[in-house]
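Q: Let me give you the structure first, and then I'll get to my questions.
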Amino acid sequence: KLYSASKRLKAEEPKTHCALVETSLDVAGLVAKVASPFAGAIVTFSGTTRNSFQDKIVTHLEYSAYESMATKELHKVCAQTRERWPDVLHMAIEHKIGDSPVQDTSVVIAVSSAHRAAALEACHFAIDTLKARVPIWKKEAYLGRRNEAQWKANSEFLAQKPLP
Amino acid sequence: KLYSASKRLKAEEPKTHCALVETSLDVAGLVAKVASPFAGAIVTFSGTTRNSFQDKIVTHLEYSAYESMATKELHKVCAQTRERWPDVLHMAIEHKIGDSPVQDTSVVIAVSSAHRAAALEACHFAIDTLKARVPIWKKEAYLGRRNEAQWKANSEFLAQKPLP
Amino acid sequence: GKRTVTVKVLYFARSREVSGRALETWRLEEGATTKDLEEKLVHKYEGLKELTGVCAWAVNEEYVDDSQVLADGDEVAIIPPISGG
Amino acid sequence: GKRTVTVKVLYFARSREVSGRALETWRLEEGATTKDLEEKLVHKYEGLKELTGVCAWAVNEEYVDDSQVLADGDEVAIIPPISGG
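Below is the structure:
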């Protein structure tokens, strides 16, 4: 008795999960969200808080957002990514809002696909696009220089204003 | 009182972890191994077992290795990656040996760097290089076709035999 | 008199610090664009000048360019350079 | 008589299935290369023919090309097409 995959395995509907969260981000949780018996590859990108900027010691970042719009824009990032890499299966993005101390994770993107090239390239594109258009801001706070906390600006945004 | 990062923060020594394991792989564990206050980005690649190959339903993969050499070759993959992306901070690779059912993870690569381009590109290169030269084999087993289990062959190996 | 439109203006990040508020209602002449609104904002909050040319604009949670004509009831947001990720 | 070298040959994956063993000791003429060893192996295990040209070779856990001269005590591995990842 032979088993034919084309008859027995229905393809899964692509799933997209986007959220802003105030708790710690969980890479393994996002990997679980994009895992699938149809996936051969899962790629994640995590953005983490570095301990220094130029000659200053960073204590933490403070993230804030235009929350309703940011959530919509995260979905647009996913839609744009899928347009370029139709072989992407599931996608999940979470971004932290609030304080992020050194080594904390502020954003996680997880992407799955049947073959690895799509997930690898799509994850790279997704973080680049997120940095260019999702209305989230961070203020960087420095040790011993409380009054010098600084609003950061992504070069991806400055290089080209986001399109509708 | 001002705090100067260049005086107070010593750079970390790059760490490399490579292992073949018989237990389930743990993405979060590998992320933890490459996390660092000096890192702004952590990228992971996970290879997972798909449920079908062509028209056949896959039940599981059986991984075996030339274990001593494979471990050395995993370290070479990391060394080659670091040569091309000197900004890579920490790297960790684990590959499963033994049975890997559908949706199970057979390999995880985690890479950290101060800025994201290095980690993203290095992770992509590392999995390509692993597939080209690390002596690990998988036999794919199919539902209802026990006698047709098949040794797979990576195109990256066939395209060019590994160099010393 | 001229017809007017009323819009809700949202301030975030640096623009919230400068204006000292998150939200404000503005009455504008009909036909006014985001560019016109920007002039009024800079007039009221001098510190916003530093964002001229570098900020973006959103209307009803969608990016627009600065010649967008504002309609009554619009939610308009000044988007200082973003830094998520 | 001619001098000989003794090498340990390791079989993996498909080559292990065909030979029915993981490990074997071979005595070869001094100066023998991996190419020469391959000929002997194919003579003994006809099924290994399918791997000719597609397998790689490792000596003492390092890849070599098939003109590598084998030395006494070498650990030689026939590496069928790999499929890790």
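Taken in sequence, the protein lines are chains X, S, A and R.
Each residue of the first sequence is one higher than the last, beginning at 1 in the numbering used here.
Each residue of the second sequence is one higher than the last, beginning at 1001 in the numbering used here.
Each residue of the third sequence is one higher than the last, beginning at 2001 in the numbering used here.
Each residue of the fourth sequence is one higher than the last, beginning at 3001 in the numbering used here.
Using N, Cα and C, we set each Cβ at its ideal position, and we do this for glycine too.
This one's a predicted model, so the numbers in the text were calculated from it and none came from an experiment.
Exposed or buried, which one is Phe-53 (chain X) when buried takes at least 16 other CB atoms within 10 Å?
A: Here the question's residue 53 (chain X) lines up with position 53 in the first sequence. Exposed, since its Cβ has fewer than 16 Cβ neighbours within 10 Å.
Q: Is it buried or exposed for Gly-3020 (chain R), if we count other Cβ within 10 angstroms and need 16 for buried?
A: Here residue 3020 (chain R) is taken as the residue at index 20 of the fourth sequence, counted from 1. Gly-3020 (chain R) comes out exposed.
Q: What in chain R is Cβ-close to Pro-1135 (chain S), meaning under 8 Å?
A: Mapped onto the second sequence, residue 1135 (chain S) falls at position 135. Near Pro-1135 (chain S) (Cβ distances below 8 Å), the residues of chain R are Phe-3012, Ala-3058, Ala-3077, Ile-3079, Ile-3082 and Gly-3084.
Q: Beta-carbon of Trp-1151 (chain S) versus every beta-carbon of chain R: anything under 9 Å?
A: Here residue 1151 (chain S) corresponds to residue number 151 of the second sequence, with the count starting at 1. Closer than 9 Å: yes.
Q: Is the Cβ of Asp-26 (chain X) closer than 9 Å to any Cβ of chain S?
A: Locating residue 26 (chain X) in the first sequence gives position 26, counting from the first residue. Yes - at least one Cβ of chain S is within 9 Å of the one on Asp-26 (chain X).
Q: Expressed to the nearest angstrom, what Euclidean distance is found between the alpha-carbon atoms of Lys-1076 (chain S) and Cys-1018 (chain S)?
A: Locating residue 1076 (chain S) in the second sequence gives position 76, counting from the first residue. Locating residue 1018 (chain S) in the second sequence gives position 18, counting from the first residue. C-alpha separation (whole angstroms): 10 Å.
Q: Just to confirm my understanding: we take Pro-101 (chain X), look at its own chain, exclude 5 residues before and 5 after, and list those with CB closer than 6 Å. What are they?
A: In the first sequence, residue 101 (chain X) corresponds to position 101, counting from 1. Here the set comprises His-60.
Q: Any chance the stretch 1096–1111 of chain S sits against the stretch 1124–1138 of chain S, with 3 or more Cβ pairs inside 8 Å?
A: Contact holds: three or more Cβ-Cβ distances are below 8 Å.
Q: With three or more C-beta pairs closer than 8 Å as the rule, is the stretch 2029–2042 of chain A touching the stretch 1133–1149 of chain S?
A: Output reads no: the stretch 2029–2042 of chain A does not touch the stretch 1133–1149 of chain S.
Q: Rounding to the nearest angstrom, what Cα-Cα distance links Thr-1049 (chain S) and Thr-1071 (chain S) in this structure?
A: In the second sequence, counting from the first residue as 1, residue 1049 (chain S) sits at position 49. In the second sequence, counting from the first residue as 1, residue 1071 (chain S) sits at position 71. Answer to the nearest angstrom: the Cα atoms are 22 Å apart.
Q: Starting from Phe-45 (chain X), follow the beta strand (DSSP E) in both directions and report where the run begins and ends.
A: Translated into the one-based positions of the first sequence, residue 45 (chain X) becomes position 45. First-last of the beta strand (DSSP E) with Phe-45 (chain X): 41–48.
Q: Drop a sphere of 10 angstroms on the beta-carbon of Glu-3029 (chain R), count the other beta-carbons inside from all chains shown, and report buried for 16 or more, exposed for fewer.
A: Translated into positions along the fourth sequence, residue 3029 (chain R) becomes position 29. The residue is exposed, with fewer than 16 neighbouring Cβ atoms inside 10 Å.
Q: Count the other CB atoms within 10 Å of the CB of Glu-3046 (chain R); is the residue buried (16 or more) or exposed (fewer)?
A: The residue given as residue 3046 (chain R) occupies position 46 in the fourth sequence. Glu-3046 (chain R) should be labelled exposed.
Q: State the start and end residues of the unbroken alpha helix (DSSP H) segment that holds His-3043 (chain R).
A: Within the fourth sequence, numbered from 1, the residue matching residue 3043 (chain R) stands at position 43. 3034–3044 is the extent of the alpha helix (DSSP H) around His-3043 (chain R).
Q: Can you name, in chain order, every residue of its own chain whose Cβ lies under 7 Å from the Cβ of Tyr-66 (chain X), other than the five neighbours on each side?
A: Residue 66 (chain X) sits at position 66 when you count from the first residue of the first sequence. These residues qualify, in order along the chain: Pro-135.
Q: At what residues does the alpha helix (DSSP H) containing Arg-3016 (chain R) begin and finish?
A: Numbered from 1 along the fourth sequence, position 16 holds the residue referred to as residue 3016 (chain R). Unbroken alpha helix (DSSP H) run through Arg-3016 (chain R): 3013–3019.
Q: Does the Cβ of Lys-131 (chain X) have 16 or more other Cβ atoms within 10 Å, making it buried, or fewer, making it exposed?
A: Residue numbering aside, residue 131 (chain X) sits at position 131 when the first sequence is read from its first letter. Looking at its Cβ environment, which holds 16 or more other Cβ atoms inside 10 Å, Lys-131 (chain X) is buried.
Q: Using a C-beta cutoff of 9 Å, does Glu-3024 (chain R) count as contacting chain S?
A: Within the fourth sequence, residue 3024 (chain R) is the residue found at index 24, counting from 1. No - not a single Cβ of chain S is within 9 Å of the one on Glu-3024 (chain R).
Q: Once DSSP output is grouped into helix, strand and coil, what is the label at Phe-157 (chain X)?
A: What you label residue 157 (chain X) is simply residue 157 of the first sequence in a count that begins at 1. If DSSP states are grouped into helix, strand and coil, Phe-157 (chain X) belongs with the helices.
Q: What's the call for Thr-23 (chain X), buried or exposed, on a 16-neighbour Cβ count within 10 Å?
A: On the first sequence, residue 23 (chain X) is found 23 positions in, with the first residue counted as 1. Per the 10 Å Cβ criterion, exposed.
Q: Going along the chain, which residues of its own chain have a beta-carbon closer than 6 Å to the beta-carbon of Ser-113 (chain X), five neighbours each way excluded?
A: Translated into positions along the first sequence, residue 113 (chain X) becomes position 113. Answer for Ser-113 (chain X): Ala-41, Asp-87, Val-88, Leu-89 and Ala-119, listed in chain order.
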